[in-house]
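Here the structure comes first, spelled out in structure tokens, and everything after it is commentary.
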Amino acid sequence: METVSSESTVREVTRESAPAPPKVLGTRRGTGDPATRGRTTIADGVVEKIAGLAARDVVGVHAMGSGLSRTAGAVRDRAPGSARTGAGVRAEVGEVQTALDLEIVVDYGVSITELARAVRENVISAVERMTGLEVVEVNIAVTDVKLPDDEDEGAEQPRLQ
Numbered sequence: 019m020e021t022v023s024s025e026s027t028v029r030e031v032t033r034e035s036a037p038a039p040p041k042v043l044g045t046r047r048g049t050g051d052p053a054t055r056g057r058t059t060i061a062d063g064v065v066e067k068i069a070g071l072a073a074r075d076v077v078g079v080h081a082m083g084s085g086l087s088r089t090a091g092a093v094r095d096r097a098p099g100s101a102r103t104g105a106g107v108r109a110e111v112g113e114v115q116t117a118l119d120l121e122i123v124v125d126y127g128v129s130i131t132e133l134a135r136a137v138r139e140n141v142i143s144a145v146e147r148m149t150g151l152e153v154v155e156v157n158i159a160v161t162d163v164k165l166p167d168d169e170d171e172g173a174e175q176p177r178l179q
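Letter by letter, the sequence shown follows residues 19 to 179 in this note's numbering.
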């Protein structure tokens, strides 16, 4: 062991062990949960997209939205880069909770009560898992029934037959 001295500091240096890292005074790491060190906000549109995609995943949901909103959406869909994943969904998002209103078109022959239950379960699960928000309600309005012989609104008809 040797002693190193200077005018202001005296310290002993041991050749056998590595020196301790220097302490930087005035710098302190925060304590506690990192999640409490800031604020995360989630836009209504984000929750609407998540809910819309989750509702469409349920077998028996033909489309989202009312007839008028689907017609307006068909026009918007022709514009490049447009996506209607939130069509037929309205969300009210608070700091820790959200409430959703969905408009759906069901396939003919499907039990609407069972379909609504499945849509609620899927939407609540997806929104709570992805956002951490508590879903307090999911209101579902069935705006139409897709009949087997109905033509799809989005399908273009050939000009010649």
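Glycine included, every Cβ here is placed at the ideal spot set by N, Cα and C.
Quick caveat: nothing in here was measured; it's all calculated off a predicted structure.
Check	Outcome
Taking its Cβ as the centre, do 16 or more other Cβ atoms sit within 10 Å of Ala-61, making it buried, or is it exposed?	exposed
For Val-124 and Gly-56, what's the separation of their Cα atoms in angstroms?	42 Å
Closest by CA to Asp-119, which one among Gly-50, Thr-131, Ile-142 and Asp-51?	Ile-142
Going by DSSP, name the residue or residues bridged to Leu-120.	Val-107 and Ile-158
By a C-beta neighbour count over all protein chains shown, 10 Å radius and 16 as the cutoff for buried, is Ile-130 buried or exposed?	exposed
CB-CB under 6 Å to Leu-165, same chain, minus the five flanking residues each way: which ones, in chain order?	Tyr-126
Starting from Ala-81 and walking both ways along the alpha helix (DSSP H), at which residues does that stretch end?	Run containing Ala-81: none in the alpha helix (DSSP H); it sits in the beta strand (DSSP E), 79 to 82.
Buried or exposed: which applies to Arg-135, given that a residue is buried once 16 or more other Cβ atoms fall within 10 Å of its Cβ?	exposed
I need the DSSP call for Val-261, collapsed to helix, strand or coil.	The displayed coordinates of the chain run from 19 to 179. Any statement about residue 261 would go beyond what the structure contains.
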